[in-house]
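Trainee: Just passing along the structure, written as C-alpha cells.
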Amino acid sequence: MSVTLTDQLTREEIVAAYTEMLGSDRVITDEQVLKENSVDRYYKVENIFGVYSLPLPAAVLKPASTEDVAKILSFANEHLINVVPKTGGSATEGGLETVIENSIVVDGSTMNKIIDINIEDMLATVQCGVGLEQLENELREIGYTTGHSPQSKPLAQFGGLVATRSIGQFSTLYGGIEDMVVGLETVFPNGEICRIKNVPRRAAGPDIRHIVIGNEGALTYITEVTVKIFRYYPENNKFYGYLLNDIKTGLQILREVVTQGYRPSVARLYDKEDGLYHFKHFSDGRCVLIFVAEGPERIAQATGTAIEEIVASFDGVERVDGALIEDWFNHLNWDVSKLEEERIEIRETLVNGFTTEISGNWSVIGDIYENALTRIRAEIPAQFTMLGGHSSHSYLNGTNMYFVYYYKIDVDPTDERTTYHDPIQNIIVEETLKLGGSMCHHHGVGKHRTHFLAEEYGSSLSMLETLKSAFDPNGIMNRGTIFPLEK
Ligand SMILES: Cc1cc2nc3c(=O)[nH]c(=O)nc-3n(C[C@H](O)[C@H](O)[C@H](O)COP(=O)(O)OP(=O)(O)OC[C@H]3O[C@@H](n4cnc5c(N)ncnc54)[C@H](O)[C@@H]3O)c2cc1C
Numbered sequence: 109m110s111v112t113l114t115d116q117l118t119r120e121e122i123v124a125a126y127t128e129m130l131g132s133d134r135v136i137t138d139e140q141v142l143k144e145n146s147v148d149r150y151y152k153v154e155n156i157f158g159v160y161s162l163p164l165p166a167a168v169l170k171p172a173s174t175e176d177v178a179k180i181l182s183f184a185n186e187h188l189i190n191v192v193p194k195t196g197g198s199a200t201e202g203g204l205e206t207v208i209e210n211s212i213v214v215d216g217s218t219m220n221k222i223i224d225i226n227i228e229d230m231l232a233t234v235q236c237g238v239g240l241e242q243l244e245n246e247l248r249e250i251g252y253t254t255g256h257s258p259q260s261k262p263l264a265q266f267g268g269l270v271a272t273r274s275i276g277q278f279s280t281l282y283g284g285i286e287d288m289v290v291g292l293e294t295v296f297p298n299g300e301i302c303r304i305k306n307v308p309r310r311a312a313g314p315d316i317r318h319i320v321i322g323n324e325g326a327l328t329y330i331t332e333v334t335v336k337i338f339r340y341y342p343e344n345n346k347f348y349g350y351l352l353n354d355i356k357t358g359l360q361i362l363r364e365v366v367t368q369g370y371r372p373s374v375a376r377l378y379d380k381e382d383g384l385y386h387f388k389h390f391s392d393g394r395c396v397l398i399f400v401a402e403g404p405e406r407i408a409q410a411t412g413t414a415i416e417e418i419v420a421s422f423d424g425v426e427r428v429d430g431a432l433i434e435d436w437f438n439h440l441n442w443d444v445s446k447l448e449e450e451r452i453e454i455r456e457t458l459v460n461g462f463t464t465e466i467s468g469n470w471s472v473i474g475d476i477y478e479n480a481l482t483r484i485r486a487e488i489p490a491q492f493t494m495l496g497g498h499s500s501h502s503y504l505n506g507t508n509m510y511f512v513y514y515y516k517i518d519v520d521p522t523d524e525r526t527t528y529h530d531p532i533q534n535i536i537v538e539e540t541l542k543l544g545g546s547m548c549h550h551h552g553v554g555k556h557r558t559h560f561l562a563e564e565y566g567s568s569l570s571m572l573e574t575l576k577s578a579f580d581p582n583g584i585m586n587r588g589t590i591f592p593l594e595k
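Heads up: take any position in the sequence shown, counting from 1, add 108, and you land on the working numbering.
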C-alpha cells in the first residue's frame, strides 16, 4: 500500500530543510536505517527475511528537545509531510509503518532524561525516550516501582507506552498506563506545546489526558510524562499456581477473586495449548491458573489467603509448587539479546508466532474465546504448531483474551500477513465485536485493525473523528493509524 500525501516538497528538499533545522547528525538517511524504520512488527517477515515493501521514509529525525519536536511538526504541518512518531519501536500493529511516500519518522529515543523523581508526591517525570526498564531499575534501587511491567519492558519507552495505552503484568493491582499517568507534555501538529499539570485529581471539566493517552501518534507527539510511583515490597510476593481442566472454570475463579474485592498483582489463566507452550514441564496438558499477591505484608497475606480459599471452593483444581511460578515469572519478559537468535530460528523453521488481544465482559468472554478458536480451526488452512490463548488482565467487569498463534510460513514471506495473520485476526475481532467486546485490549489499533473502527465505536465514532479533525486538521499525524487511510 502506498499513498502520496503531497508533491509539494521532494524527498531531497525535506531532508535539506530538516538538516538545516536540526543539524546533519540528527537527520538519518542511511538506507538500512530507513528500511528498518518503515515497519514495526519485530517478529514479522520484513525484519526477519529482509523484505521491505513499504515506501521508505525520507528521513529518521532525532529531536533533542520539546522545542525541536515543535519545529519539526510545524514544518511538516505547513508542507503536509506525514509524521510517524516513534520511541522504543516495539509496536506490533503497524503503528510505525510508513505507508505514505516521503514520511518522516520522529524518533524521540534520544530524549531520554529522567527529569525528576519526587518521593514526597510519589511522582516520576521523564522524557518520552526514557525506557521503562531504565526508570524501573532506578526506582527499585531506592525502594519504589512504577508498577508497570509489559513484556516489552526492556525495549518500550514512555512516549510509546502512553501512546498505545500499554498495560503490564501487574495490572490487576496497579492498572494500565492510563491509571498511572498523572500529567504530561505534548506537542500538536501546529507546534503548540501543551502541558497537563500534575495533581492527584481534578473535576475541572473532562479529563484531557485521555485525548493523549492511546493516540498512537495520530493526534499529538508526547514529549514528557509524569507517572505515579509506588513503594516496592518484593520480599512479600506470594506466588500461586493451579492446574485445571477447562478454561471456563478458570474464568469463573478469576471473576470470583476480583469481584470479591481482592487485587492480586498478577491474575493469569492459560488454556491447555498455551499452558503447554509456557509450562510444558508441569502443565500436564491442563489449563494453568496463576496469581501473585504483593504489597505490604498484611495485604499480600490476606490476598494470598483469599486466593487459596476461593480456588479451593472449585472442584477439579490442583495446586502446583509456587516456586515453579516464581521461576517462570522471573523469565517472562522478552529477552532482547535473543532477538537475532530467534530470527535465525524462524528463518530455518519458517514457524512464526503472532498474537491478537481483545476484551469482553465476564458474561461473554468464554464464548468469544470458544467461537474464535472454533472458526479459526475450521476456516484457516495454516499448519499451526500452536493455537490457543490466555487471560492476563482482569477487571471488575470482565477480562482480556490474548490469542496466540504459531504457524508455518508456507507461502512467500511477503504474503504471510494477508494469507494467515490478517484472516486469523479478523476472525478474532469479528467474534469479539459480535458479542459486544472490544477489538483491542492493549496493542492499539495500529494500521491493521482500522477497518473495524466504525464497528468498534458505533455511535461514538463521531467523537473520535472530531478529535482528529480538531487536533490534526491537515492529517499529517501517522496517517492510516487508528483512522483508516481512505478517510
Ligand atoms: C515482545 C513484545 C511484548 C510486548 N508486550 C506487551 C505487553 O505486555 N503490554 C503491552 O501493552 N504491550 C506490549 N507490547 C506492545 C508494545 O511494546 C507496547 O505497545 C509499547 O507500549 C510500545 O512502546 P514503544 O516505546 O516501543 O513504542 P513504539 O513502538 O515506538 O510506538 C508505538 C506507537 O506509539 C506511537 N508513538 C511512539 N512514541 C510516541 C510519542 N512520543 N508520541 C506519540 N506517539 C508515539 C507510534 O507512532 C506507534 O503508533 C509488546 C511488544 C513486543 C514486541
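Even for Gly, the Cβ is constructed at its ideal location relative to N, Cα and C. All values derive from a computational prediction rather than experimental measurement.
1) Distance check for Glu-343 and Thr-200, CA to CA, integer angstroms please.
2) If you pair each beta-carbon of the segment 565-576 with each one of the segment 319-335, do three or more pairs fall below 8 angstroms?
3) Using 6 angstroms as the cut-off, classify the Cβ of Tyr-528 as near or not near the heavy atoms of ligand 1, replying yes or no.
4) Using three-state DSSP, classify Phe-560 as helix, strand or coil.
5) Whole angstroms is fine: what's the gap from Gln-242's alpha carbon to Lys-336's?
6) Would you say the segment 151-169 touches the segment 206-218, given that touching needs at least three Cβ pairs under 8 angstroms?
7) Just to confirm, does Pro-193 get its C-beta within under 6 angstroms of one of the non-hydrogen atoms of ligand 1?
8) Which residues in the same chain as Arg-483 place their Cβ atom closer than 7 angstroms to its Cβ, once the five residues preceding and following it in sequence are excluded?
9) Name the residue from Ile-122, Gln-116 and Gly-202 whose alpha carbon lies nearest to the alpha carbon of Asn-586.
10) Following the continuous beta strand (DSSP E) through Gly-468, name the residue where it begins and the one where it ends.
11) Quick one: using the 10 Å Cβ neighbour count with 16 as the cut-off for buried, is Arg-303 buried or exposed?
12) What is the DSSP secondary structure of Phe-338, reduced to helix, strand or coil?
13) With a 10 Å radius around its C-beta and 16 neighbouring C-beta atoms as the bar for buried, classify Val-111 as buried or exposed.
14) Is any non-hydrogen atom of ligand 1 found closer than 6 angstroms to the C-beta of Tyr-329, if you look at the structure I gave you?
15) When the distance is taken between beta carbons, is Cys-236 closer than 7 angstroms to Thr-331?
16) Please report how far the alpha carbon of Pro-262 lies from the alpha carbon of Ser-445, in whole angstroms.
17) State whether the segment 222-237 contacts the segment 254-271, with contact taken as three or more CB pairs (one from each stretch) at a distance under 8 angstroms.
18) Could you tell me how far apart the beta carbons of Tyr-477 and Gly-497 are, in whole angstroms, since I believe they sit closer than 8 angstroms?
19) In angstroms, rounded to a whole number, what distance separates the CA positions of Ser-467 and His-550?
20) In this structure, does DSSP put Glu-121 in helix, strand or coil?
21) Measure the alpha-carbon distance for Asn-298 versus Val-320 and round it to whole angstroms.
22) When burial is assigned at 16 or more other CB atoms within 10 Å of the CB, is Arg-310 buried or exposed?
23) Based on Cα-Cα distance, which residue from Ile-361, Arg-485, Thr-253 and Thr-463 lies nearest to Val-425?
24) Ordered along the chain, which non-local residues of its own chain (more than five positions away) have a Cβ less than 6 angstroms from that of Met-109?
25) What beta strand (DSSP E) runs, 3 residues minimum, are completely inside the segment 161-239?
26) Should Pro-581 go down as buried or exposed, given a rule of 16 or more other Cβ atoms within 10 Å for buried?
27) Give every residue of the same chain whose Cβ lies closer than 6 angstroms to the Cβ of Ala-184, excluding the five residues on either side of it in the sequence, and list them in chain order.
28) To the nearest whole angstrom, what separates the beta carbons of Ser-502 and Tyr-510, a pair I think is in contact under 8 angstroms?
29) How do the segment 445-455 and the segment 484-496 stand: do at least 3 beta-carbon pairs fall below 8 angstroms, yes or no?
30) Answer yes if the segment 540-548 comes into contact with the segment 517-526, meaning at least three C-beta pairs across the two stretches below 8 angstroms, and no otherwise.
31) What span of residues does the beta strand (DSSP E) with Ser-421 cover, start to end?
32) Considering only the beta carbon of each residue, do Ser-570 and Trp-442 sit closer than 7 angstroms?
33) Using 6 angstroms as the cut-off, classify the Cβ of Gly-216 as near or not near the heavy atoms of ligand 1, replying yes or no.
34) Compute the minimum distance between the beta carbon of Trp-470 and the heavy atoms of ligand 1, and state whether it is under 6 angstroms.
35) Sort Gly-349, Glu-465 and Ser-182 by Cα distance to Phe-296 and report the nearest one.
36) Per DSSP, what kind of secondary structure is Lys-542 in: helix, strand or coil?
Mentor: On the basis of the data shown:
1) The residue you call residue 200 lines up with position 92 of the sequence shown. The residue you call residue 343 lines up with position 235 of the sequence shown. Roughly 34 angstroms separates the two Cα atoms.
2) yes
3) Indexing the sequence shown from 1 puts residue 528 at position 420. Incorrect: Tyr-528 has no Cβ contact closer than 6 angstroms to ligand 1.
4) Taking the first residue of the sequence shown as 1, we reach residue 560 at position 452. Phe-560 falls in the helix class under three-state DSSP.
5) Translated into the one-based positions of the sequence shown, residue 242 becomes position 134. Translated into the one-based positions of the sequence shown, residue 336 becomes position 228. Spanning the two alpha carbons is a distance of roughly 16 angstroms.
6) yes
7) As a first step, residue 193 is located in the sequence shown; it is residue number 85 there, counting from the start. At least one heavy atom of ligand 1 is nearer than 6 angstroms to the Cβ of Pro-193, so yes.
8) Within the sequence shown, residue 483 is the residue found at index 375, counting from 1. Cβ within range, chain order: Ile-535 and Glu-539.
9) Sequence index remark: in the sequence shown, residue 586 carries index 478 (1-based). The residue with the shortest Cα to Cα distance from Asn-586 is Gly-202.
10) Mapped onto the sequence shown, residue 468 falls at position 360. Run containing Gly-468: 459-469, per the beta strand (DSSP E) assignment.
11) Sequence index remark: in the sequence shown, residue 303 carries index 195 (1-based). Burial call: exposed.
12) One-based indexing of the sequence shown puts residue 338 at position 230. Reduced to three states, the DSSP call for Phe-338 is strand.
13) Translated into the one-based positions of the sequence shown, residue 111 becomes position 3. Residue placement at Val-111 is poorly supported in this model, since its pLDDT is 45, which falls under 50; the coordinates still yield a value, given next. Val-111 comes out exposed.
14) Locating residue 329 in the sequence shown gives position 221, counting from the first residue. Within the cutoff, so yes.
15) By 1-based counting over the sequence shown, the position of residue 331 is 223. By 1-based counting over the sequence shown, the position of residue 236 is 128. Cβ distance < 7 angstroms, so Thr-331 and Cys-236 count as in contact.
16) Here residue 262 corresponds to residue number 154 of the sequence shown, with the count starting at 1. Here residue 445 corresponds to residue number 337 of the sequence shown, with the count starting at 1. One C-alpha to the other measures close to 10 angstroms.
17) yes
18) Along the sequence shown, read from residue 1 onward, the residue named residue 477 stands at position 369. Along the sequence shown, read from residue 1 onward, the residue named residue 497 stands at position 389. So it is a contact: roughly 6 angstroms between Cβ atoms.
19) If you number the sequence shown from 1, residue 467 lands on position 359. If you number the sequence shown from 1, residue 550 lands on position 442. Answer to the nearest angstrom: the Cα atoms are 9 angstroms apart.
20) Looking up residue 121 in the sequence shown gives position 13. In this structure, Glu-121 counts as helix in the three-state DSSP scheme.
21) Translated into positions along the sequence shown, residue 298 becomes position 190. Translated into positions along the sequence shown, residue 320 becomes position 212. C-alpha separation (whole angstroms): 16 angstroms.
22) For the purposes of this step, residue 310 is taken as residue 202 along the sequence shown, with counting starting at 1. Exposed, since its Cβ has fewer than 16 Cβ neighbours within 10 Å.
23) Along the sequence shown, read from residue 1 onward, the residue named residue 425 stands at position 317. Closest by alpha carbon: Ile-361.
24) Position 1 of the sequence shown, counting from 1, holds the residue named residue 109. Note that Met-109 scores 42 on pLDDT, short of 50, meaning its location in the model is unreliable and no value can be drawn from it.
25) 167-169, 191-194, 212-215, 222-226 and 231-235
26) Position 473 of the sequence shown holds residue 581. Per the 10 Å Cβ criterion, exposed.
27) As a working note, residue 184 is residue 76 in the sequence shown. Excluding residues within five positions, the ones whose Cβ falls inside 6 angstroms are Val-191 and Ile-584.
28) Here residue 502 is taken as the residue at index 394 of the sequence shown, counted from 1. Here residue 510 is taken as the residue at index 402 of the sequence shown, counted from 1. About 12 angstroms separates the two Cβ atoms, so there is no contact after all.
29) no
30) no
31) The sequence position of residue 421 within the sequence shown is 313, counting from 1. Counting along the chain, Ser-421 falls outside any beta strand (DSSP E), and DSSP gives it neither H nor E.
32) Here the question's residue 570 lines up with position 462 in the sequence shown. Here the question's residue 442 lines up with position 334 in the sequence shown. No, the Cβ-Cβ distance between Ser-570 and Trp-442 is not below 7 angstroms.
33) For the purposes of this step, residue 216 is taken as residue 108 along the sequence shown, with counting starting at 1. True, at least one ligand heavy atom lies under 6 angstroms from that Cβ.
34) Counting from 1 along the sequence shown, the entry for residue 470 is found at position 362. No, since every heavy atom of ligand 1 falls outside the 6 angstroms radius drawn around the Cβ of Trp-470.
35) Counting from one through the sequence shown, the residue named residue 296 turns up at place 188. Out of Gly-349, Glu-465 and Ser-182, Ser-182 has the C-alpha closest to the C-alpha of Phe-296.
36) On the sequence shown, position 434 is the one that residue 542 refers to. If DSSP states are grouped into helix, strand and coil, Lys-542 belongs with the helices.
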